[in-house]
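Numbering (the working numbering), first residue to last: 18 to 288.
Where is the CB? At the ideal position from N, CA and C, for every residue including glycine.
Keep in mind it's a predicted model, so treat the numbers as computed, not measured.
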């Protein structure tokens, strides 16, 4: 049974208004042993009228999480994480940022490609492209990111773009991007990084958690072992969403463990 939600947002993310305490207390009621708060830090974000809207107030954030770690320590392990939007030209800036704080856990994610925000401006991203072309462009951007960065622990929702495609996963075919994913995953594994299973894919009507099972299988076949489980919750009712479905999926591929990061050290727990 999965006892850790490693991808949770709070009022410190620009797209969430839920108090951190409420997210933690929900996790306690659900019987979780770990919760990683991973609020957004997307530097120079293309759709932000003011960049500050997408940048964490990190000093305040870290102080709050440290306080809550102590407050709830007898009930749950509260971990201080961050979800960072990766783009190659931000390499130095992101490096300086993550080296300035003692994060327990860092998710590297792709929310914007070639100056376009996918989540909120998906019409612009897909304009003038076939769905297949747009997906390929997104996965190519991930390849550039994994070639550029090694200061993250897991790559988040690898097929995030499929959430916003005109047909979502209806015509998504792993084999169309197989070579790209092989290159991406080999680099992730070589660098000692992992990937996450993100159950928001189930909430977003993809029919599967991110990433697609074929991607998870390739990761396993290539020797990947580091898998974190996250709900990507922005609401309390999404904490631990559909976690009961995940062990069967992972075990069918050959995984026996999932991972929790504390002080950026990985610990493995039985599924």
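Between which two residues does the alpha helix (DSSP H) containing residue 153 stretch? If you number the chain shown from 1, residue 153 lands on position 136. Unbroken alpha helix (DSSP H) run through residue 153: 148-165.
Sheet register partners of residue 284 (DSSP bridge): Within the chain shown, residue 284 is the residue found at index 267, counting from 1. The partner list for residue 284 (beta bridge, DSSP) reads 277.
Mind checking whether residue 247 and residue 212 have CB atoms under 8 Å apart? Stepping through the chain shown from its first residue, residue 247 is reached at position 230. Stepping through the chain shown from its first residue, residue 212 is reached at position 195. Cβ atoms of residue 247 and residue 212: not closer than 8 Å.
Return helix, strand or coil for residue 245, following the three-state DSSP convention. Along the chain shown, read from residue 1 onward, the residue named residue 245 stands at position 228. Of the three classes helix, strand and coil, the one that applies to residue 245 here is strand, per DSSP.
To which residues does DSSP link residue 178 through a beta bridge? Along the chain shown, one-based indexing puts residue 178 at 161. Note: residue 178 sits in no beta bridge, so no partner.
State whether the region 247-260 contacts the region 198-211, with contact taken as three or more CB pairs (one from each stretch) at a distance under 8 Å. no
Quick check on residue 78: does DSSP put it in helix, strand or coil? The residue labelled residue 78 in the question sits at position 61 within the chain shown. Residue state, collapsed to three classes: helix.
Quick check: the Cα distance between residue 203 and residue 74, rounded to an integer number of angstroms? As a working mapping, residue 203 is identified with position 186 in the chain shown. As a working mapping, residue 74 is identified with position 57 in the chain shown. Rounded to the nearest angstrom, the two C-alpha atoms are 34 Å apart.
Cβ neighbours of residue 220 in the same chain (closer than 7 Å, five flanking residues each side left out): Indexing the chain shown from 1 puts residue 220 at position 203. Excluding positions up to five away in sequence, the list reads 255 and 258.
As a quick exercise: from 20, 35 and 162, pick the residue whose alpha carbon is nearest that of residue 27. Along the chain shown, read from residue 1 onward, the residue named residue 27 stands at position 10. Per the Cα distances, 35.
Distance, residue 54 Cα to residue 93 Cα: The count along the chain shown starts at 1 and reaches residue 93 at position 76. The count along the chain shown starts at 1 and reaches residue 54 at position 37. In a straight line, the C-alpha of residue 93 is about 12 Å away from that of residue 54.
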